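Comments concern the structure below.
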Amino acid sequence: GERRKVDRHIVLVGMMGAGKTAIGAELARRLHVPFTDSDAEIEIAAAMSIREIFERDGEAFFRARETQVLTRLLAGRPRVISTGGGAWIRAENRDLISHRAMSVWLDCDLDTLWHRVKQRPTRPLLQTEDPRGTLARLLEQRAPIYGLADLTFKGRSSDTVEASATRLATQI
Ligand code: S3P
7 GERRKVDRHI
17 VLVGMMGAGK
27 TAIGAELARR
37 LHVPFTDSDA
47 EIEIAAAMSI
57 REIFERDGEA
67 FFRARETQVL
77 TRLLAGRPRV
87 ISTGGGAWIR
97 AENRDLISHR
107 AMSVWLDCDL
117 DTLWHRVKQR
127 PTRPLLQTED
137 PRGTLARLLE
147 QRAPIYGLAD
157 LTFKGRSSDT
167 VEASATRLAT
177 QI
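If you count by the UniProt record's numbering, then the sequence shown holds residues 7 to 178, one letter each, in order.
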């Protein structure tokens, strides 16, 4: 791909199943910058899965770790960062991110999100009687907040990861 200067981090936000990790990794490859998934960083630091962290220490503990990891990553050199679906929802994190990064909401419809998350039923927030309903409610509550991101990138369920990354690269 073409080489151009990336002078700010690019932070991908949005719901579980939006493709933040897959598209983020591909985008970083094209832009020749490092890629980091904040959930993966939290797991490495804690030597536990996200699910175990939620079970053992609770969501509040997880959220504190998430802010720590974001702070550390944002202090480094420009990269693409994919975040967990709740990261952008906290005002504290939005302030941190907006200060040092371009934020991108990977906006995706509920059917596409559900189709993806149901294949990997590990997300702690979806351990409910009606995970699809929970996902729908979260999307409804969070969409206006995701919409505060610098850029809204509308996912198309027909697009491959590669096609999405190509299209996104032209918009940033
Ligand atoms: C969460 C999304 C997850 C993970 C945690 C909480 C959320 O990340 O951070 O389970 O609040 O939406 P993904 O968006 O990568 O699934």
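We treat Cβ as the ideally placed atom computed from N, Cα and C, and that holds for glycine.
Model, not experiment: these values are computed from the prediction.
- Using a Cβ distance threshold of 7 angstroms, Met108 and Arg36 do not count as a contacting pair.
- Pairing Trp120 with Arg138 gives a Cβ-Cβ distance under 7 angstroms.
- Pro150 has its Cβ no nearer than 6 angstroms to any heavy atom of the ligand S3P.
- The continuous stretches of alpha helix (DSSP H) do not include Thr134, and DSSP gives it neither H nor E.
- Under the three-state reduction of DSSP, Ser104 is assigned to helix.
- The C-alpha of Gly30 lies about 10 angstroms from the C-alpha of Pro40.
- Per DSSP, the beta-bridge partners of Leu112 are Phe159.
- By the criterion of a C-beta distance shorter than 8 angstroms, Phe68 is surrounded in its chain by Ile48, Ile56, Ile59, Phe60, once the five residues flanking it on both sides are discounted.
- In terms of Cα proximity to Gln74, the closest of Gly64, Asn99, Asp113 is Asn99.
- Take the alpha-carbon of Pro150 and the one of Trp111: they are about 11 angstroms apart.
- Burial state of Ser163 is exposed, judged by a 10 Å Cβ sphere holding fewer than 16 other Cβ atoms.
- In this structure, Leu76 has its CB at a distance of at least 6 angstroms from all heavy atoms of the ligand S3P.
- The ligand S3P approaches Leu131 closely enough that one of its heavy atoms is under 6 angstroms from the residue's Cβ.
- For Asp101, the closest of Lys11, Val17, Asp117, Glu168 by C-alpha to C-alpha distance is Val17.
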